[in-house]
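In my numbering, the protein residues as written are 3 to 418.
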């Protein structure tokens, strides 16, 4: 088949490469000129795709990076994998999704299958995506083209093979589901069809919100355990010895990435639309949203015990990415932590070998992890515990360490 994948980020690029490896001819649509240049040079910008993967795809002739679809023949399948962030009011922001629909509407022909992989709220495909596409293209959903939702399940840095992750598929009608299932079965080992697009939309939000809620629970209990002088990390390890009915979740400095911090608001948006807003989801968002402030409060206490104040202190933060082993810093708690520290008069330096320096106003300066950096800092704050950090060196040289990830096992290290 001829497949167009709109968006070449953490979701779209692995998807495009998998489709090309399955024998399809793939138009990899990316509007960012820097990313497009990287693809042309076979230089990967995400952790789950290697330069060799790109070279193999390019050599096959089936992976074709393009800036848009103008002048391109119509595709059989269009896969939309663009960000769906939230507005300042915590409402769904479909700017990129609507732009992708406009791109598809310019070339799609009758018989096309259009699948949204981006996270949306239940009912969005039926009541927003399909009507907008019909308006833009003049083609009718269910008659001229088919619409389905197949939510992405990307977890950057995970070792599992991408095509082995079960793929949910739900269409606006049975035919759409059948066509989407037939396509994805050429790419993925396990395809799980569901009865509607709404089931697939809701399932994605349920999966991620399950994790978000449990992180909030751990964050709240972790703070209480600290006041009780109890190691919550050890509590979690102890509870995890139970072989059933329990999954371990750890407390930390905040919840980052594109999905988890946004998905809870997409779900609450849907619940509000039927008059069932969730106080539980709102409370979880408050708990996790307060995590960076709690880190700053703990660091302030630790400095005071050492006879120092935040004002005038130099703080070295380890980690800018939202999770270990990746270069994605979207919604990283480091930003909020640094902003709060600088507002209190601290100087903040951040070490992260995975995240490249980029444009944008930040309150910190970048640094490399050296003995001198650690020794010169009044405190070292572990926010993201990358495996390639030299923790032994940090332990030997830092005068004060606040460990937000339970990386150190020493009474000399302050634990969150």
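Glycine residues also receive a C-beta, built at the ideal position from the N, C-alpha and C atoms.
Rank the options by C-alpha distance to the C-alpha of residue i and give the top, closest one.
| i | options | result |
| --- | --- | --- |
| residue 274 | 61, 6, 93 | 93 |
| residue 34 | 17, 22, 52, 67 | 67 |
| residue 341 | 155, 96, 317, 355 | 317 |
| residue 72 | 37, 108, 38 | 108 |
| residue 3 | 26, 117, 10, 17 | 26 |
| residue 284 | 77, 417, 267 | 267 |
| residue 356 | 372, 322, 367 | 322 |
| residue 293 | 307, 337, 254 | 254 |
| residue 217 | 241, 312, 287 | 287 |
| residue 212 | 358, 234, 251 | 251 |
| residue 372 | 392, 115, 282 | 392 |
| residue 146 | 396, 198, 135 | 135 |
| residue 197 | 175, 208, 207 | 175 |
| residue 144 | 396, 181, 365 | 181 |
| residue 365 | 335, 398, 388 | 335 |
| residue 75 | 111, 246, 90 | 111 |
| residue 61 | 28, 36, 69, 359 | 28 |
| residue 200 | 262, 5, 326, 153 | 153 |
Rounded to the nearest angstrom, how far is the Cβ of residue i from that of residue j, given a contact under 8 Å?
| i | j | result |
| --- | --- | --- |
| residue 82 | residue 120 | 6 Å |
| residue 210 | residue 290 | Wrong, their Cβ atoms sit about 13 Å apart, outside the cutoff. |
| residue 30 | residue 18 | 4 Å |
| residue 49 | residue 328 | 5 Å |
| residue 343 | residue 352 | Their Cβ separation, rounded to whole angstroms, is 11 Å, which puts residue 343 and residue 352 out of contact at 8 Å. |
| residue 173 | residue 150 | 4 Å |
| residue 118 | residue 131 | 6 Å |
| residue 304 | residue 402 | 6 Å |
| residue 95 | residue 86 | 7 Å |
| residue 16 | residue 156 | 7 Å |
| residue 8 | residue 126 | The pair is not a contact, with the Cβ atoms about 16 Å apart (cut-off 8 Å). |
| residue 80 | residue 203 | About 18 Å separates the two Cβ atoms, so there is no contact after all. |
| residue 418 | residue 224 | 7 Å |
Reducing DSSP to helix, strand and coil, say where residue i ends up.
| i | result |
| --- | --- |
| residue 51 | coil |
| residue 192 | coil |
| residue 394 | helix |
| residue 417 | strand |
| residue 130 | helix |
| residue 338 | helix |
| residue 257 | coil |
| residue 111 | coil |
| residue 81 | strand |
| residue 76 | coil |
| residue 151 | strand |
| residue 369 | strand |
| residue 316 | strand |
| residue 331 | coil |
| residue 325 | coil |
| residue 39 | helix |
| residue 29 | strand |
| residue 100 | helix |
| residue 124 | coil |
| residue 59 | helix |
| residue 65 | strand |
| residue 346 | coil |
| residue 292 | coil |
| residue 173 | strand |
Apart from the five residues on each side of it in sequence, which residues of its chain come closer than 6 Å, Cβ to Cβ, to residue i?
| i | result |
| --- | --- |
| residue 400 | 376, 382 |
| residue 384 | 320, 405, 406, 407, 409 |
| residue 59 | 19, 22, 65 |
For residue i, does the count of other Cβ atoms within 10 angstroms reach 16, so buried, or fall short, so exposed?
| i | result |
| --- | --- |
| residue 40 | buried |
| residue 236 | exposed |
| residue 221 | buried |
| residue 229 | exposed |
| residue 270 | buried |
| residue 137 | exposed |
| residue 215 | buried |
| residue 179 | buried |
| residue 307 | exposed |
| residue 97 | exposed |
| residue 386 | buried |
| residue 42 | exposed |
| residue 256 | buried |
| residue 324 | buried |
| residue 388 | buried |
| residue 177 | exposed |
Spatial neighbours of residue i within its chain, please: C-beta separation below 7 Å, excluding the five flanking residues on both sides.
| i | result |
| --- | --- |
| residue 193 | 169, 171, 183, 186, 187 |
| residue 53 | 44, 45, 46 |
| residue 189 | 20, 21, 24, 165 |
| residue 296 | 225 |
Grab me the residues of residue i's own chain with a C-beta within less than 8 Å of its C-beta, minus the 5 sequence neighbours each way, in chain order.
| i | result |
| --- | --- |
| residue 280 | 269, 270, 273 |
| residue 55 | 19, 46 |
| residue 113 | 78, 146, 147 |
| residue 313 | 346, 347, 348 |
| residue 238 | 220, 250, 251, 252 |
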